[in-house]
Amino acid sequence: MSHPAKNRPLNPRRIGVITMHTFTQLVRMKVFYFLGVFAVILLGSNLFEIQDLGRPDLEGTDVLRSIRSWSLGTMTLFSVVIGVVATALLLPKDVEDRTLYTILAKPVPRLDYLVGKLGGVLLLIFVSLLVMDLLMAGVLALRTNLVVAEQVAAVTAAGWPAAEIEALRQDTLNQGPTWSLHGAVFVVFLRAAVIASTAMMISTFSTSTLFTTITGFLMYFIGNFQAEARGLYFGEGVSPLEKGAGLLVATIFPDFQLFNVIDNLIEGGHFEGGELPMLIALSGFYVVLHLFVSWIVFAEKEF
Amino acid sequence: MEPAVEIRNLVKEFRPAGRKEPLRAVDDVSLSIGAGEVYGLIGPNGSGKSTTMKALLGLVQPDSGSCRIFGNDSLQVDSRQQVGFLPENPYFYKHLSGAETLRFYGKLCGLRGAALEGRVKELLELVDLSEAGNRRLGGYSKGMLQRIGLAQALVQEPRLVILDEPTAGVDPIGSRQIRDLIFDLKKRGITVFLCSHLLEQVQEVCDRVGIIHRGRMVKEGPLDELLAVGDQTEIILRGASPELLEKIRALVSSDSGAELLRAGRPRTTLERLFLQETADRRKP
Ligand SMILES: Nc1ncnc2c1ncn2[C@@H]1O[C@H](COP(=O)(O)OP(=O)(O)OP(=O)(O)O)[C@@H](O)[C@H]1O
Ligand SMILES: [Mg+2]
Chain C
1 MSHPAKNRPL NPRRIGVITM HTFTQLVRMK VFYFLGVFAV ILLGSNLFEI
51 QDLGRPDLEG TDVLRSIRSW SLGTMTLFSV VIGVVATALL LPKDVEDRTL
101 YTILAKPVPR LDYLVGKLGG VLLLIFVSLL VMDLLMAGVL ALRTNLVVAE
151 QVAAVTAAGW PAAEIEALRQ DTLNQGPTWS LHGAVFVVFL RAAVIASTAM
201 MISTFSTSTL FTTITGFLMY FIGNFQAEAR GLYFGEGVSP LEKGAGLLVA
251 TIFPDFQLFN VIDNLIEGGH FEGGELPMLI ALSGFYVVLH LFVSWIVFAE
301 KEF
Chain V
304 MEPAVEIRNL VKEFRPAGRK EPLRAVDDVS LSIGAGEVYG LIGPNGSGKS
354 TTMKALLGLV QPDSGSCRIF GNDSLQVDSR QQVGFLPENP YFYKHLSGAE
404 TLRFYGKLCG LRGAALEGRV KELLELVDLS EAGNRRLGGY SKGMLQRIGL
454 AQALVQEPRL VILDEPTAGV DPIGSRQIRD LIFDLKKRGI TVFLCSHLLE
504 QVQEVCDRVG IIHRGRMVKE GPLDELLAVG DQTEIILRGA SPELLEKIRA
554 LVSSDSGAEL LRAGRPRTTL ERLFLQETAD RRKP
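Protein chains in written order, with the numbering used here: chain C, 1 to 303; chain V, 304 to 587.
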């Protein structure tokens, strides 16, 4: 029996083992304490209220809006920081501590290791965002009911016509826990996935935690201005070579402005047709691309 | 029968930053380990022992030459199905307990369910960590880490075990336990490839040794052949009287071909003395 079972890359069970291990590792690093911070911020934004019922149609909705934007802001901060820091921490740490030796000395294809690590970070972000989303939805639902009741009572007293009251009610409900808002949280997750895979790609090049963290954040900021930069590449008087280089940069470095739809959703807007599937596809493309580049670099690495 | 390990003309160079000429860590090393053999690689610090082992595990890529494990090229993942590896100064995930560590590596090798649980328990007993099995590795001592590393290497019952300084940092009692474990592996027909600076132990457990110096294999062969001093014979006596010794001396000097080189009391080794005073004393 000198030719043992084939160990093909992308074995789901083995990836699952590494994913769950990475998830546990992060949990035991007490990452979930952040959820406590989130709860405090949520309650804080909930208390933000100006007790002036002079214009009931505005103030009540303002509270809802502030809950929404504070929550999503915190989610964004959390997911971006975890996406960069956790990814940057895990891979170079394995190399520095030489724990990687023992893993790669088992029949583990290097691609499985990378996918598993990234999977663990994404699972952690997903679970945290899910918990935050549920907390936010709960608080918003309670608050929306209060606001609607208050507003309806106030405008009925003011003698508004029934149709207008209904319109105001709908407007306010639209600031509550809508499906579009859950969609916005999902977009936050997609963005975090792209950031994490970017950080993973950097970390396979550098194997230094600090360098990866800094470069990861830098890429995020550059990515937020990338559309402007692209204007430069494709503007007048740019040579084909520069255009090619620009295109390459634009392909590998994600354009994070794509995710700005979140702002619109917070304001009570909705996805336009095909917007969400497009975002999912693009994020998937970036994650796969980054994993592929990471793998090419990592497959040749020596420890 | 197919050799367990086959290294052919392995060359490995490192190009450290800030140095022009490459550093040749392993220079044209060839060795072959038969199935069931215990092979010891010895040599000074920095002579290329660990690098040779890493090349065999595919952790570094040879610049030329090849490494095979049971006929499978080391650069292929499949070659690692049958190997257990204990790196030098092993270090594991601090956040896992001993049992969780073994479970993790077991799962990576495709074990699961009751078979995995049984194996974990068995290994913890084997390396004497049953009590510490539920504690996080962050609180383990160096010797305990070394032992959990050994258990991890054995988790999938590999046919080849590669041990890079298995007794480094382990006290003499633990070191003897590891020696006994290697004997036990050998009895079960498992091939062992180890390197160590404890020459006495290498001498005890290995069938064959290779001496490596500055990346080159300078001497290799079965231990018995390497160590036998061709023209000398040793006689150890108990309760010999001075008269008897005098007679033997006279007898030897009357022989024209033989010469008495040395007579005196053999000394016990410090290791033996240590064990006698510590471990043996604990036994009822
Ligand atoms: N990753 C690396 N980068 C650069 N040089 C390296 C690297 N790994 C090993 N070397 C060099 O290769 C040589 C052999 O190292 P190796 O670790 O194989 O020695 P060793 O025989 O295991 O020594 P020791 O007994 O100290 O463990 C050394 O000169 C070392 O400096
Ligand atoms: Mg070494």
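We put the beta carbon where it would ideally sit given N, CA and C, even for glycine.
The model shown is predicted, which means the values in this text are computed figures rather than measured ones.
| said: DSSP three-state label for residue 316 (chain V), please. | reply: In the three-state reduction of the DSSP assignment, residue 316 (chain V) falls in the strand class, which pools E and B.
| If you measure from the CB of residue 391 (chain V), is any heavy atom of ligand 2 nearer than 8 Å? | Using a cutoff of 8 Å, the CB of residue 391 (chain V) counts as near ligand 2, since one of the ligand's heavy atoms is closer than that.
| task | State yes or no: is the C-beta of residue 140 (chain C) within less than 9 Å of the C-beta of residue 299 (chain C)? | result | A distance of 9 Å or more separates the beta carbons of residue 140 (chain C) and residue 299 (chain C).
| Quick one: is the Cβ of residue 115 (chain C) within less than 8 Å of any heavy atom of ligand 1? | False, no ligand heavy atom lies under 8 Å from that Cβ.
| message | Quick check on residue 412 (chain V) - is its C-beta less than 9 Å from some C-beta in chain C? | response | Yes, contact with chain C.
| field | Identified DSSP bridge partners for residue 494 (chain V) | value | Answer is V:463, bridged to residue 494 (chain V).
| message | Report the start-end ranges of each alpha helix (DSSP H) in the region 135 to 190 of chain C that is 4 residues or longer and not cut off at the edges. | response | Runs of the alpha helix (DSSP H) lying entirely within the region 135 to 190 of chain C, each at least 4 residues long, are 162 to 173 in chain order.
| Cross-chain neighbours of residue 449 (chain V) in chain C, by beta carbon under 7 Å | None at all; the shortest Cβ gap to chain C is about 13 Å.
| query | Between V:535, V:432, V:320 and V:519, which lies nearest to residue 350 (chain V) when the distance is taken from Cα to Cα? | reply | By alpha-carbon distance to residue 350 (chain V), the top candidate from V:535, V:432, V:320 and V:519 is V:519.
| query | Listed from N- to C-terminal order along the chain, which residues in the region 76 to 107 of chain C have their beta-carbon within a distance smaller than 8 Å of any beta-carbon of chain V? | reply | Against chain V - using a Cβ distance shorter than 8 Å - the residues of the region 76 to 107 of chain C are 97, 98, 99, 101, 102, 103, 104, 105, 106 and 107.
| query | So is residue 357 (chain V) in contact with chain C if we call contact Cβ pairs under 9 Å? | reply | It does; some Cβ of chain C falls within 9 Å.
| message | Mapping the DSSP letters down to three states, classify residue 327 (chain V) as helix, strand or coil. | response | Strand at residue 327 (chain V).
| Option in C:214, C:224, C:275 and C:68 with minimal Cα separation from residue 327 (chain C) | This structure cannot settle anything about residue 327 (chain C), because the visible part of chain C is limited to 1 through 303.
| task | Return yes when at least one heavy atom of ligand 1 lies under 8 Å from the C-beta of residue 467 (chain V), else no. | result | Residue 467 (chain V) Cβ: within cutoff of ligand 1.
| Beta-carbon proximity list for residue 525 (chain V), same chain, < 6 Å, skipping 5 on both sides | Counting only residues of its own chain and dropping the five nearest sequence neighbours on each side, residue 525 (chain V) has a CB closer than 6 Å to the CB of 511.
| query | Can a CB atom of chain V be found closer than 9 Å to the CB of residue 12 (chain C)? | reply | It does not: the Cβ of residue 12 (chain C) has no partner Cβ on chain V nearer than 9 Å.
| Residue range of the beta strand (DSSP E) that includes residue 523 (chain V) | Taken as a continuous stretch (DSSP letters only), the beta strand (DSSP E) holding residue 523 (chain V) covers 519 to 525.
| said: Can you check whether the C-beta of residue 496 (chain V) is within less than 9 Å of a C-beta belonging to chain C? | reply: For residue 496 (chain V), the nearest beta carbon of chain C is not closer than 9 Å to its own beta carbon.
| query | Among C:134, C:79, C:220 and C:191, which one has its Cα closest to the Cα of residue 202 (chain C)? | reply | The residue with the shortest Cα to Cα distance from residue 202 (chain C) is C:220.
| request: Scan the region 356 to 386 of chain V for residues whose Cβ lies nearer than 9 Å to a Cβ of chain C and list them as they occur along the chain. | output: Residues are counted here when their Cβ sits less than 9 Å from a Cβ of chain C; for the region 356 to 386 of chain V these are 357, 360, 361, 362, 363, 364, 373, 374, 375, 379, 380, 381, 382, 383, 384, 385 and 386, given in chain order.
| task | Since I believe residue 409 (chain V) is in contact with residue 458 (chain V) (beta carbons under 8 Å), could you give me their beta-carbon distance rounded to a whole number of angstroms? | result | About 5 Å; that satisfies the 8 Å criterion.
| field | Three-state class that DSSP yields for residue 431 (chain V) in the structure shown | value | Under the three-state reduction of DSSP, residue 431 (chain V) is assigned to coil, being neither helix nor strand.
| field | Straight-line gap, residue 359 (chain V) to residue 372 (chain V) (C-alpha atoms, nearest Å) | value | Straight-line Cα distance between these residues: approximately 8 Å.
| query | When burial is assigned at 16 or more other CB atoms within 10 Å of the CB, is residue 548 (chain V) buried or exposed? | reply | When all chains shown are included, residue 548 (chain V) counts as exposed.
| query | Does residue 205 (chain C) have its Cβ less than 9 Å from a Cβ in chain V? | reply | Closer than 9 Å: no.
| Cβ neighbour criterion (16 or more within 10 Å) applied to residue 304 (chain V) | Taking every protein chain shown into account, the CB of residue 304 (chain V) has fewer than 16 other CB atoms within 10 angstroms, so this residue is exposed.
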